[in-house]
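What follows is a set of notes on a single structure, which appears directly below.
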Amino acid sequence: MSLLFSPLALQSIQLKNRIVVSPMCQYSSLNGFANDWHLVHLGSRAVGGAGLIFTEATAVSPEGRISPDDLGIWSDEHIAGLKRITQFIQQNGSVAGIQLAHAGRKASHRRPWEGGASIAPTEERGWQTVAPSAIPFQEGQHPPLALTAEGIEQVLVDFEKATQRAIEAGFQVLEIHAAHGYLLHQFMSPLSNHRTDEYGGLFGNRIRLLLEVIERVQSVWPEDLPLFVRISATDWTEGGWTIDDSVALAKILTEKGVDVIDCSTGGNVARAKIPVGPGYQVSFAEQIKQEAGIKTAAVGLITSAEQAETILANGQADLILLAREFLRDPYFPLHAAHTLSDTIAWPVQYERAKPR
Ligand SMILES: Cc1cc2nc3c(=O)[nH]c(=O)nc-3n(C[C@H](O)[C@H](O)[C@H](O)COP(=O)(O)O)c2cc1C
0 MSLLFSPLAL
10 QSIQLKNRIV
20 VSPMCQYSSL
30 NGFANDWHLV
40 HLGSRAVGGA
50 GLIFTEATAV
60 SPEGRISPDD
70 LGIWSDEHIA
80 GLKRITQFIQ
90 QNGSVAGIQL
100 AHAGRKASHR
110 RPWEGGASIA
120 PTEERGWQTV
130 APSAIPFQEG
140 QHPPLALTAE
150 GIEQVLVDFE
160 KATQRAIEAG
170 FQVLEIHAAH
180 GYLLHQFMSP
190 LSNHRTDEYG
200 GLFGNRIRLL
210 LEVIERVQSV
220 WPEDLPLFVR
230 ISATDWTEGG
240 WTIDDSVALA
250 KILTEKGVDV
260 IDCSTGGNVA
270 RAKIPVGPGY
280 QVSFAEQIKQ
290 EAGIKTAAVG
300 LITSAEQAET
310 ILANGQADLI
320 LLAREFLRDP
330 YFPLHAAHTL
340 SDTIAWPVQY
350 ERAKPR
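Each residue of the sequence shown is one higher than the last, beginning at 0 in numbering that gives the first Met the number 0.
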């Protein structure tokens, strides 16, 4: 059996393999509700054999959405649509995970296929964004409002309530989105956080909001279910968040009981120069795993079974997340097993197509 298809126990959950569907915004919700698109999109990847399937960034509040079309979990009414999806995923042998998110200053944007531009609060479908400091992501954008103490408390309440709803919806893994320049990353990085209160300045202050979010999430999320945190391991920009910061943070998160650090990069400043190429973020997952002694997930231009297997064999990560490859091929795990000469169960309905 390859490492890619060896099971992984995380708290009380057993993943049948190491292949994970990375969170991917679908920009296809009305008022945050999951619909048939989400069921078919995520459900297909369960049929395709993924061990763990994450929802897209799911907004904890309406103003935390990247676009007006994002998935959300800010009201109890959102639970039923999500439950339908978790049940289907579970019935098909996979584990359902939710990524909880707040976009901060990167909220209120059009969908990519509508140009992706920011929408000012005065424009139709736009709203006022919030952030650690009143600095827009890009020049010319309507500036965010710096969060007040009350605003920060509301964010914490929103994450806690969203977690409670995620449990009711049947999710068994929860990931806090603290990457890609969204609200929590904005607080972590000195490039976007110019606050002078206890949430700004030194490293310990800049990570405070993330630690408080984790505490609120853990106040409701069962101890025996896995908790992931996605970070951008570097801002790829002088004066920004660094891999050393990530290692220091990961050590703290290990002590707090976080199970996996999902290691992405970038997204906080538009000018960052990112050396994109095959497996370009894997070294960050490796360094964090080795120096902080925590399980890590590797993501970013991992596109083949052999590449994924090599990352695991080199001890660089514990889980492999794929995004775009899963859009190209929802059945990637079924094909990967054949490539690696592993015998795995296919959906009985598809048995007759299984390569022998
Ligand atoms: C369509 C699309 C939507 C995405 N949405 C999210 C998201 O909601 N949350 C997130 O953390 N990353 C998101 N990402 C980033 C992916 O999860 C992943 O980190 C990135 O695409 C690199 O992996 P890949 O090379 O396998 O695509 C998205 C990527 C794509 C292509």
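Every residue, glycine too, gets a C-beta built ideally from N, C-alpha and C.
Name the DSSP beta bridge partners of residue i, please?
i, result
"F227", "E174 and V259"
"A130", "A145"
"T302", "Beta-bridge pairing links T302 to no other residue."
"H108", "S117"
"L333", "Answer by DSSP bridge pairing: none, since L333 is not bridged."
"K294", "V259"
"I343", "Beta-bridge pairing links I343 to no other residue."
"V19", "L51 and L320"
"F32", "L29"
Which first and last residues belong to the alpha helix (DSSP H) in which residue i is found?
i, result
"I84", "I78 to Q90"
"Q286", "V281 to A291"
"Q13", "Looking at the DSSP string, Q13 is not in any alpha helix (DSSP H); the run it does join, the beta strand (DSSP E), is I12 to L14."
"F380", "Given a span of 0 to 355 for the chain in the structure shown, any question on residue 380 remains unanswerable."
"V268", "Unbroken run through V268: none, as it is neither H nor E."
"L367", "The question about residue 367 has no answer here: the residues shown for the chain are numbered 0 through 355."
Hey, would you say residue i sits closer than 7 Å to residue j, going by beta carbons?
i, j, result
"F87", "G42", "yes"
"L155", "G103", "no"
"A56", "G71", "no"
"F158", "I97", "no"
"A297", "I319", "yes"
"A247", "H176", "no"
"P111", "V129", "no"
"P277", "L300", "yes"
"P274", "I12", "no"
"A284", "A316", "yes"
"S1", "L326", "no"
"T309", "I260", "no"
"R164", "I78", "yes"
"Y198", "L209", "no"
"S21", "A322", "yes"
"F32", "G80", "yes"
Taking 6 Å as the cut-off, is the beta-carbon of residue i closer than that to any non-hydrogen atom of ligand 1?
i, result
"L29", "no"
"R323", "yes"
"V257", "no"
"G299", "yes"
"A56", "yes"
"C24", "yes"
"S263", "yes"
"S188", "no"
"S21", "yes"
Ends of the beta strand (DSSP E) at residue i?
i, result
"V356", "Outside the modelled stretch of the chain, which goes from 0 to 355, sits residue 356, for which no answer is possible."
"L9", "L7 to L9"
"Q217", "Run containing Q217: none in the beta strand (DSSP E); it sits in the alpha helix (DSSP H), R207 to V219."
"L320", "L318 to L321"
"I273", "It is not in any beta strand (DSSP E) - I273 carries neither H nor E in the DSSP assignment."
Should residue i be listed as close to ligand 3, given that the test is whether its C-beta is under 6 Å from any heavy atom?
i, result
"V212", "Ligand 3 is not part of this structure, which contains only ligand 1."
Whole beta strand (DSSP E) elements within the stretch 40 to 81, 3-residue minimum: Listed in chain order, the complete beta strand (DSSP E) runs (minimum 3 residues) inside the stretch 40 to 81 are 51 to 58.
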